[in-house]
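Position 124 of the sequence shown, counting from 1, maps to 124 under the working numbering, and the rest follow consecutively. For each residue, glycine too, the CB sits at the ideal point set by N, CA and C. Quantities reported herein were computed from a predicted structural model and do not represent experimental measurements.
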Amino acid sequence: MFKLLGTLSLIFALVLFPPAVLAVVSNNAVSGDATYPIKRLLEDVIYTVASINPVSKAWFAAARSDRRFKEVTTLLANGKSAKDSLQELVTQTEVAAQQIQQIQDPVKKQEAIKNLASSIQNYNQGLQQVSGESAGNTTASIPIAVVQNPTFPESTVVPIPVVTPSVPARLPSQAQPSSKPVIAQVPKSTPFPATPLPTKYASPTPAVPPVVSTPARPEDNQIGQAIVQLEQISQQLQLQSIIESEKDNKKTKINKESTKQDWKNSNEKKEDTKESKKEDNDKNFKGKKD
Numbered sequence: 001m002f003k004l005l006g007t008l009s010l011i012f013a014l015v016l017f018p019p020a021v022l023a024v025v026s027n028n029a030v031s032g033d034a035t036y037p038i039k040r041l042l043e044d045v046i047y048t049v050a051s052i053n054p055v056s057k058a059w060f061a062a063a064r065s066d067r068r069f070k071e072v073t074t075l076l077a078n079g080k081s082a083k084d085s086l087q088e089l090v091t092q093t094e095v096a097a098q099q100i101q102q103i104q105d106p107v108k109k110q111e112a113i114k115n116l117a118s119s120i121q122n123y124n125q126g127l128q129q130v131s132g133e134s135a136g137n138t139t140a141s142i143p144i145a146v147v148q149n150p151t152f153p154e155s156t157v158v159p160i161p162v163v164t165p166s167v168p169a170r171l172p173s174q175a176q177p178s179s180k181p182v183i184a185q186v187p188k189s190t191p192f193p194a195t196p197l198p199t200k201y202a203s204p205t206p207a208v209p210p211v212v213s214t215p216a217r218p219e220d221n222q223i224g225q226a227i228v229q230l231e232q233i234s235q236q237l238q239l240q241s242i243i244e245s246e247k248d249n250k251k252t253k254i255n256k257e258s259t260k261q262d263w264k265n266s267n268e269k270k271e272d273t274k275e276s277k278k279e280d281n282d283k284n285f286k287g288k289k290d
């Protein structure tokens, strides 16, 4: 008996060991890795098994959305293209929202809607953060230009004429009259050197760097589109949550009214029973009196 149990245990171990190893090895695989198809295959098998119950099916669909988000962030952090993974994230989140609609229990349905809406908010915040970090790593430094001031030409010395009057040898009163004309001396100008102006030299001055617009990367556009689509899914979930709340309130109101009506009918029935008993008692009393 023990030998048979040992043999069966060994067979189960050999059968279950390879899938377990593959699940562990491919757990952190992303699109493009050799073990990524194995990861997706195992997910499909588990999803098929979980599809028996609508609650577990919706829960696992939301878990697959978390796995797609983790793959997207890993690819973007490593500088790889995540176009296909972003689209799969949006598609899988839509599938999870559709599976939640199949839940019949209103309490569990509201809980699933709340959890998925919170996950979508985390997705958008994580995508914005990863997009900002990758954009900051790829920003090129802009050199600061140095522009010299214009050089002014050296100032030239311009002579300023200074008039120096010549003093006559004799006073006018002592001068002898003469019939010859006297030619007066023309005052001569003596050049006076002007003070030269200081020469201006060029000094380097840092100029304001020009504003260079960084072109948008394809990854940023893809991330922006995914965020918009995820936000639309979140809004649909919020609307569905409001509808379900109104249904619950309406159902509660109907139940209260039904309970109130039942209580009223019960009281009326009791009153009728009392009246009937009173009439019977009155009849019996009259009969005895007669």
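DSSP-derived helix/strand/coil call for residue i
i    : result
N267 : helix
F152 : Only weak support is given to the placement of F152: the predicted model assigns it a pLDDT of 47, under 50, and the question is left unresolved by the model.
L237 : helix
A117 : helix
N27  : coil
I223 : helix
I103 : coil
K291 : Outside the displayed span of the chain (1 to 290) sits residue 291, for which this structure offers no information.
D33  : coil
A169 : Only weak support exists for where A169 lies, its pLDDT of 48 falling under 50; the value from the coordinates is given anyway. Residue state, collapsed to three classes: coil.
K80  : coil
Span of the alpha helix (DSSP H) around residue i
i   : result
K70 : P54 to A77
A50 : Y36 to A50
E84 : Reading the sequence as shown, one finds Asp at residue 84 and not Glu. Residues K83 to I100.
Short Cβ contact (8 Å threshold) for residue i with residue j
i    : j    : result
V72  : S85  : yes
A62  : N115 : yes
A50  : L127 : no
F69  : Y36  : no
L76  : E219 : yes
Q236 : A97  : yes
S241 : Q110 : yes
A117 : S245 : no
T93  : S56  : no
I113 : P54  : no
Exposed unless 16 or more other CB atoms sit within 10 angstroms - verdict on residue i
i    : result
A34  : exposed
W263 : exposed
T91  : exposed
K39  : buried
Q99  : buried
Q121 : exposed
Q222 : buried
S155 : Because S155 sits at a pLDDT of 48, beneath the cut-off of 50, its placement in the model cannot be relied upon, and the following sentence gives the value as read from the coordinates. Exposed, since its Cβ has fewer than 16 Cβ neighbours within 10 Å.
L41  : exposed
I254 : exposed
L239 : exposed
I52  : exposed
S31  : buried
V130 : buried
Distance cut-off 7 Å: residue i Cβ against heavy atoms of the ligand MN
i    : result
I103 : With respect to small molecules bound, the structure shown includes none, and the ligand MN cannot be examined in it.
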